[in-house]
Amino acid sequence: MFRGVMESAKEFKKVVDTVSTLLDEICFEVDEEGIKASAMDPSHVALVSLEIPRLAFEEYEADSHEIGIDLEAFKKVMNRAKSKDKLILELDEEKNKLNIIFENTGKRKFSLALLDLSASSVKVPDIEYPNVIMIKGDAFKEALKDADLFSDYVILKADEDKFVVHAKGDLNDFNAEFEKDSSAIISLEVKEETKSAFNLDYLMDMVKGVSSGDIIKIYLGNDMPVKLEYSLAGVNLTFLLAPRIE
Amino acid sequence: KSKQVKLSDFFKMR
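Quick note, the sequences are listed as chains H and S, same order. With my numbering, letter number 51 in the first sequence gets 61, and the count goes up by one each step, no holes. With my numbering, letter number 1 in the second sequence gets 57, and the count goes up by one each step, no holes.
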């Protein structure tokens, strides 16, 4: 069995919105501890991983299941969430459906057909990074949007004094500098000066659900995939994006 | 010009 109740459907919508920009389908691995899922995007450039501890739910009851879901359908349903709706997710094993219920003045139940997916063997690899930057999510997101004016990729640079988001177009370029003591930077731990290029569309998709108050942890190295971590609605999200290499 | 690598290439390289 599986049944979980979340306080805010609207908050969880941000998670589904973000994940569904990168993936078409997902297999939730549900057990008594919570829910996990990870998968590569179809082009194998990005990896998405999410973890929903049972504490993120008001009520939670589950034994082990793999629940395969079409994310386009899930996103459409979550877009119907209203601000005071509670979210109930429950597995209907007889009908082979995942029920998504919005509870407010009444109950609205959407039943999604389960996909026959098996849990991904792809997990976030345990890579050691020389540099870890904690930055206010909206500051980083805005810098990416600025960079998007002139280029389709962005260069992320870090040294012991600052973190820099740089974009170079054919004619124009953009630079956002976040000094170590600026209010956007929570912490800047740099062991090795770094400069790496990443696709902007992917990065912007990865931070789609971020709003002011959210903090992003950026793991950066030279010629390494960038790793982003943040939490939304009690859900821990991790993204890995392969670099562009000269 | 830089070239997009895949995560799978990257993990194989390591």
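All residues carry an ideal CB built from backbone N, CA and C; glycine is no exception.
- Proximity of chain S to M50 of chain H at the Cβ level (cut-off 7 Å) is accounted for by L63, in chain order.
- Using a CB distance cut-off of 9 Å, V55 of chain H counts as an interface residue toward chain S.
- Here L32 of chain H is not near D80 of chain H, since their CB atoms are 9 Å or more apart.
- For the alpha helix (DSSP H) assignment, the stretch 223-250 of chain H encloses no uninterrupted run of at least 4 residues.
- Burial check for S206 of chain H: the Cβ neighbour count within 10 Å reaches 16 or more, so the residue is buried.
- Counting only the Cα atoms, P140 of chain H lies some 6 Å from G231 of chain H.
- Separation of D171 of chain H and I228 of chain H (C-alpha to C-alpha, rounded to the nearest whole angstrom) is 16 Å.
- Residues of the stretch 122-154 of chain H that bring their beta carbon within less than 7 Å of a beta carbon in chain S comprise P135, in sequence order.
- Less than 9 Å separates the beta-carbon of R13 of chain H from that of E71 of chain H.
- Taken atom to atom, the span from the alpha-carbon of K178 of chain H to that of D73 of chain H is near 51 Å.
- Here S30 of chain H is actually not in contact with F67 of chain H; their C-beta atoms are around 21 Å apart, not less than 8 Å.
- Look at K119 of chain H here: in three-state DSSP terms it is strand.
- With a beta-carbon spacing of about 15 Å, I62 of chain H and A49 of chain H fall beyond the 8 Å limit used to define contacts.
- Residue state for D148 of chain H is assigned as helix, using DSSP reduced to three classes.
- With a cutoff of 9 Å on beta-carbon distance, L250 of chain H and L63 of chain S are scored as near each other.
- Against chain S, the CB of Y163 of chain H has a partner CB under 9 Å away; the residue lies at that interface.
- In this chain, the alpha helix (DSSP H) harbouring D215 of chain H covers L210 to M216.
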